[in-house]
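Numbering (our numbering), first residue to last: 8 to 370.
In structure tokens:
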């Protein structure tokens, strides 16, 4: 084993120190994780990489931190930056250029848990209207909305995972930034139950794929080292490039963003198709335990906290059911406005008034 010596001097640029920190940090990590670290390190180098180590001491690091936090990045993004900054500072402290980590006591911004953006039923109707030029992609949208697959799992859709007899699909790997890899967690490797509509869509995708060859898919295993090869009939086809999807971001860049615009729908990221699946089922009263199982989570709390949002405009059936149930118990006598002949006597149920008040507050 040959160890390459990395020596830091006063004139050494911070960009070189950052690169070395990333190199050490990325050892043994998945390719998709490495790509994420490199993207963040490039941003940091763009801000401070031109400075020499001797110029950038404790006060400069504190100033940089203050400006970074002032940019208004989300808590998770700040955390991703710090995963590069901390090992960089560690190299500088080990080399004697900093006495300690000047950023060590700084907390992350308070989490701002905004509800996820989702598509309404009216949006969905426009999204899934078939366009012959992008038939496969629109069928993929439909399948995503019916199954709650992650976007990477959707783009790794294959015929061999489909069990026609049981009406199920096996999710066993996903398309990430660096290629195919096993599912995010062990619980994410799962059998999902397919509705009749989902089965019909999957069969249409399989029929469209009959004219294409099978693919050799190289899947990185959980140790991020072992690669296992599978022969699969891949169903997610990029009509613009005339090939199967090879990069997870291509679905947005080559199709989805323009598709939303062409249908007059506000663009939200393709990953929100999964949020829409959870939120639509939550709004319709489907048991959360079943939704969690379909989505590859072990508890329903994850759905409640991160995926589900009440879609008011799609919940009219729920409001109607509530009113129908309670109105027979709370029907009040007729009411007439005092000293006003303009208003006719009309029956008003207690629950209807309460429901209208609730709806106004919710909006």
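Quick reminder that beta carbons are idealized off the backbone N, C-alpha and C, glycines included. As the structure is a prediction and not an experimental result, all values here were calculated from the model.
With a threshold of 7 Å between beta-carbons, can residue i be considered close to chain C, or not?
| i | result |
| --- | --- |
| residue 225 | Looking at the structure shown, chain C is missing, and only one protein chain is on hand. |
How big is the Cα-Cα spacing for residue i and residue j?
| i | j | result |
| --- | --- | --- |
| residue 55 | residue 96 | 13 Å |
| residue 200 | residue 193 | 18 Å |
| residue 164 | residue 243 | 6 Å |
| residue 121 | residue 50 | 25 Å |
| residue 294 | residue 272 | 29 Å |
| residue 211 | residue 220 | 17 Å |
| residue 162 | residue 14 | 44 Å |
| residue 68 | residue 228 | 38 Å |
| residue 72 | residue 110 | 7 Å |
| residue 139 | residue 301 | 30 Å |
| residue 253 | residue 306 | 32 Å |
| residue 250 | residue 104 | 51 Å |
| residue 339 | residue 290 | With a pLDDT of 49 at residue 339, under the threshold of 50, the predicted position of this residue should be treated as unreliable, and no value is reported. |
| residue 41 | residue 47 | 10 Å |
| residue 296 | residue 277 | 24 Å |
| residue 87 | residue 136 | 39 Å |
Which residues in the same chain as residue i place their Cβ atom closer than 7 Å to its Cβ, once the five residues preceding and following it in sequence are excluded?
| i | result |
| --- | --- |
| residue 288 | 298 |
| residue 218 | none |
| residue 238 | 221 and 223 |
| residue 268 | 274 |
| residue 131 | 152 |
| residue 102 | 15 |
| residue 12 | none |
Given residue i, which residues of its chain have a CB within under 6 Å of its CB, disregarding the five upstream and five downstream residues?
| i | result |
| --- | --- |
| residue 177 | 168 and 198 |
| residue 61 | 17 |
| residue 349 | Here the model assigns residue 349 a pLDDT of 39, short of 50, so the residue's position is not dependable, and the following value carries that caveat. Cβ within range, chain order: n/a, list empty. |
| residue 39 | 183, 184 and 185 |
| residue 144 | 262 |
| residue 303 | 194, 195 and 197 |
| residue 160 | 178 and 181 |
Sorted by chain position, which residues of the same chain lie with C-beta nearer than 8 Å to residue i's C-beta, five sequence neighbours on each side aside?
| i | result |
| --- | --- |
| residue 345 | Low confidence applies to residue 345: its pLDDT is 47, below 50, so where it sits in the model is not reliable, and the reading given next is rough at best. Within the same chain, residue 345 has no close Cβ partners at all. |
| residue 100 | 106, 107 and 108 |
| residue 347 | Any reading at residue 347 needs caution, since the residue's pLDDT is 45, under 50, leaving its predicted position unreliable; the model's value is listed next. Nothing meets the Cβ criterion. |
| residue 189 | 179, 180, 181, 196, 226, 227, 228 and 229 |
| residue 187 | 163, 180, 181, 224, 225, 226 and 227 |
Less than 8 Å between the CB atoms is what I'm expecting for residue i and residue j, so what's the real figure, rounded?
| i | j | result |
| --- | --- | --- |
| residue 91 | residue 29 | 6 Å |
| residue 256 | residue 247 | That pair is no contact at about 13 Å. |
| residue 281 | residue 133 | That pair is no contact at about 19 Å. |
| residue 98 | residue 27 | 6 Å |
| residue 154 | residue 284 | 7 Å |
| residue 63 | residue 31 | Contact doesn't hold; Cβ gap of about 20 Å is too wide. |
Examine the ligand PLP and report whether any of its heavy atoms sits within less than 6 Å of the Cβ of residue i.
| i | result |
| --- | --- |
| residue 273 | As presented, the structure is devoid of all ligands, the ligand PLP included, so that no description of it is given. |
**Touch test, the stretch 141-156 against the stretch 197-209, Cβ-Cβ under 8 Å, three pairs minimum** = yes
**Message:** So within the stretch 117-180, which uninterrupted alpha helix (DSSP H) runs reach at least 4 residues, ignoring any that extend past its ends?
**Reply:** Within the stretch 117-180, complete alpha helix (DSSP H) segments of at least 4 residues are found at 128-134, 142-154 and 158-162, given in chain order.
**Request:** Can you check the stretch 239-301 for any alpha helix (DSSP H) of at least 4 residues that lies completely inside it and give the ranges in chain order?
**Result:** 264-269 and 279-290
**Stretch-stretch touch, CB-based, cutoff 8 Å, three pairs: the stretch 35-42 with the stretch 227-236** = yes
**Request:** Inspect the CB distances between the stretch 82-93 and the stretch 121-139 and report whether three or more fall short of 8 Å.
**Result:** no
**Asked** Which parts of the stretch 39-103 are runs of the alpha helix (DSSP H), unbroken and 4 residues or longer, counting only runs that do not cross its ends?
**Response** 65-77 and 82-101
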